[in-house]
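**Q** Note that the sequence shown covers residues -17 to -1, 1 to 153 in mature numbering (1 follows the signal peptide of the UniProt record, and there is no 0).
All C-beta atoms, glycine included, are put in the ideal place defined by N, C-alpha and C.
From a predicted model like this one, the values you see are computed outputs, not experimental measurements.
One structure, pasted below without further comment.
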Amino acid sequence: MAFAAANLLLEITVISAENLRFNKKSPVKKNTYVTVKTTESKLQTTSMDREGGSYPIWNQKLMIDMAGHVKYLTLDVQCKNSMGNRKIGKALIPVSDFMGGFWPENYLHFLSYRLRDENGERNGIINISVRVKQATAMVAPPRSQHSWAAIGVPAGARGNWETVTGVPIW
């Protein structure tokens, strides 16, 4: 029986960042902000920190709708200056860091990630918290869509290297 993927509502608090620099040399002075997105969601943006320099503090909550099959979140730290927006660093947050496992519902995860610049070099740390606010349960499609059930592995399918789970028949 096929199940529809669960949809999640995430409360992501972008707390702060540490040791932000341009080209590994000069410290960031002001006007930093963070964008958060999944592969399918709209971009969410924090307000601009105008005073924190290389150690900005946002402490801002963003609500993100996320499909159940998404594997990671993307956080981009950027700085607005006279030449436009400059990317400072990016972090890819695996969803497995705050989903699954044995955490109770509404558990608040405090997480810190290394930021990487466009060349893949280390460029500071970002501190966030994540709480799964709402998870829609896995829903089975109506029975009328299934007239029979098939169990087995397709034969002769080249390049199909997905995991197959079998149930022993006694």
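(1) Measuring CB atoms only, is the stretch 41 to 48 touching the stretch 100 to 107, in the sense that at least three cross pairs come out at less than 8 Å?
(2) Look at the alpha carbon of S(-2) and the alpha carbon of N6, and state the distance between them as a whole number of angstroms.
(3) Going by C-alpha to C-alpha distance, which of L(-9), V17, S37, K8 sits closest to T28?
(4) Between N(-11) and G51, which are expected to be in contact by the criterion C-beta below 8 Å, what is the C-beta distance as a whole number of angstroms?
(5) Name the two residues that bound the continuous beta strand (DSSP E) containing T(-5).
(6) Going by beta carbon distance, what residues of the same chain come within less than 8 Å of N89, once the five residues before and after it are set aside?
(7) Does the beta carbon of G36 fall short of 6 Å from some heavy atom of the ligand NAD?
(8) By the three-class DSSP mapping on this structure, what secondary structure does S95 have?
(9) Residues in its own chain within less than 8 Å of S130 by CB, not counting five upstream and five downstream?
(10) Leaving out five residues on either side along the sequence, give the residues of the same chain with a beta carbon under 6 Å from the beta carbon of T(-5).
(11) Looking only at DSSP bridge pairs, what is Y90 linked to?
(12) Looking at the unbroken beta strand (DSSP E) that takes in S17, where does it start and where does it end?
(13) Look at residue 154 and V78 and say whether their C-beta atoms are less than 7 Å apart.
(14) Leaving aside the five residues before and after N68 along the sequence, list all residues of the same chain whose C-beta is less than 6 Å from its C-beta, in chain order.
**A** Short version:
(1) no
(2) Position 16 of the sequence shown holds residue -2. Position 23 of the sequence shown holds residue 6. Rounded to whole angstroms, S(-2) and N6 show a C-alpha spacing of 20 Å.
(3) Counting from one through the sequence shown, the residue named residue 28 turns up at place 45. Comparing Cα positions, the closest option is V17.
(4) Walking along the sequence shown from the start, residue -11 turns up at place 7. Walking along the sequence shown from the start, residue 51 turns up at place 68. Sure, about 6 Å apart at Cβ, within 8 Å.
(5) For the purposes of this step, residue -5 is identified with residue 13 of the sequence shown, where counting begins at 1. Here the beta strand (DSSP E) through T(-5) covers -11 to 1.
(6) In the sequence shown, counting from the first residue as 1, residue 89 sits at position 106. So the qualifying residues of the chain are R114, V115, K116.
(7) Among the components modelled here there is no ligand, and therefore nothing to report on the ligand NAD.
(8) Against the sequence shown, residue 95 aligns to sequence position 112. DSSP places S95 in strand when its eight states are reduced to three.
(9) Position 147 of the sequence shown, counting from 1, holds the residue named residue 130. Below a pLDDT of 50, predicted positions are generally treated as unreliable, and S130, at 49, falls in that range; no measurement from the model is reported.
(10) As a first step, residue -5 must be located in the sequence shown, where it is residue number 13. So the qualifying residues of the chain are K44, S112.
(11) The residue given as residue 90 occupies position 107 in the sequence shown. Paired residue(s): none; Y90 is not in a bridge.
(12) Translated into the one-based positions of the sequence shown, residue 17 becomes position 34. First, the amino acid is wrong: residue 17 is Val here, not Ser. Looking at the DSSP string, the run of the beta strand (DSSP E) that includes V17 is 15 to 20.
(13) There is no way to answer for residue 154, as the model of the chain reaches only from -17 to 153.
(14) Within the sequence shown, numbered from 1, the residue matching residue 68 stands at position 85. Once the five neighbours on either side are set aside, the close Cβ partners of N68 are Q61.
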